[in-house]
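Residue numbering for the sequence shown follows the working numbering, starting at 227 and increasing by one per position.
Below: the structure, in structure tokens.
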Amino acid sequence: MSFSDFLSLVTTRDRGQRQERRLRAIHEVAASSVGCPVSEATVFEAQTLVERFHDVHRRIEQTEAQIETVCRRFPTYRPIRTIPGFGPYVCSQVLAKIGDPHRFKVRKQVVRLAGFDLNAKRSGKRSQTAVPVISKRGNTDLRYALYQAALIASYHHGGFRALFTRYLKGREKERGIRTKMRVKLAAKMLVIAWTMMRTETDFDPNLLAV
Numbered sequence: 227m228s229f230s231d232f233l234s235l236v237t238t239r240d241r242g243q244r245q246e247r248r249l250r251a252i253h254e255v256a257a258s259s260v261g262c263p264v265s266e267a268t269v270f271e272a273q274t275l276v277e278r279f280h281d282v283h284r285r286i287e288q289t290e291a292q293i294e295t296v297c298r299r300f301p302t303y304r305p306i307r308t309i310p311g312f313g314p315y316v317c318s319q320v321l322a323k324i325g326d327p328h329r330f331k332v333r334k335q336v337v338r339l340a341g342f343d344l345n346a347k348r349s350g351k352r353s354q355t356a357v358p359v360i361s362k363r364g365n366t367d368l369r370y371a372l373y374q375a376a377l378i379a380s381y382h383h384g385g386f387r388a389l390f391t392r393y394l395k396g397r398e399k400e401r402g403i404r405t406k407m408r409v410k411l412a413a414k415m416l417v418i419a420w421t422m423m424r425t426e427t428d429f430d431p432n433l434l435a436v
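Below is the structure:
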């Protein structure tokens, strides 16, 4: 099997050069390691696993379609759907948790909703040596959804990628810094979504300065 045929079987999206290199390495190793004789039971088990995988994939697609159907009933869905990284699932979480965007007066209230607000972790330390961390007191599902959106946007959208790079500048070697900065990016995306819901306007890269 050629690499192009193998690639079309294992993924339907362009995941970037890093994934392509990883898949190419798997394809090269498989050429000398796959193909050993197996029993009928092993073949049956493999086929069953593949069928279960495809069934789960179909169910996910059906669920996402249903989520989108419900979301379309909200006038603020279409604008926030234009935010990079915001699919039906992420949008549903934002719509459900924010509700009426006008009930929040300032951005800090929205950030607190997802638990992205900073809270000094003291553990007996003085205030000047306390380490600020996100409070995580907000909605877990919303926080998770926004982090996934930030992960996608930081890879695939030029504006968010540039902002993420700016967040990292000078701190690239710090342990866990990429995760921390994606959390910061997720909080930024929540504020952008809230702003767009209030104004009912589509995504504009200038909103990255919000």
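Note that CB positions come from ideal geometry on N, CA and C, so glycine has one too.
- Taking C-beta atoms under 8 Å as the contact rule, Met407 and Phe390 qualify, at a distance of about 6 Å.
- Secondary structure at Thr295: helix, using DSSP grouped into helix, strand and coil.
- Between the segment 305-323 and the segment 362-370 there are three or more inter-stretch CB-CB distances shorter than 8 Å, so the stretches are counted as touching.
- The three-state secondary structure of Gly385, taken from DSSP, is helix.
- Short of 7 Å from the beta carbon of Ile403, and not among the five residues preceding or following it, lie these beta carbons of its own chain, in chain order: Leu394, Arg397.
- Collapsing the DSSP output to three states places Val236 in a helix.
- Relative to the Cα of Gly311, the nearest Cα in the group Gln288, Ser380, Thr268, His280 belongs to Ser380.
- With contacts defined as CB atoms closer than 8 Å, Val336 and Leu416 qualify as a contacting pair.
- Here the C-alpha atom of Pro301 lies approximately 43 Å from the C-alpha atom of Lys399.
- Within the same chain, and ignoring the five residues on either side of Ile324 in sequence, the residues whose Cβ sits closer than 8 Å to its Cβ are Phe330, Val336, Leu339, Ala419, Trp420, Met423.
- Here DSSP, grouped into helix, strand and coil, assigns Ala256 to helix.
- At the C-beta level, Ala376 and Ala412 come within 8 Å of one another.
- By the criterion of a C-beta distance shorter than 7 Å, Tyr303 is surrounded in its chain by Cys297, Cys317, Leu321, once the five residues flanking it on both sides are discounted.
- Sequence-distant Cβ neighbours of Ile378 in its own chain, meaning closer than 6 Å and more than five residues away, are Gly311.
- Sequence-distant partners of Ile293 (beyond 5 residues in either direction) whose C-beta falls short of 7 Å from its own C-beta, in its chain, are Pro314, Tyr315, Ser318.
- By the beta-carbon neighbour count (other beta carbons within 10 angstroms, threshold 16), Ile286 is exposed.
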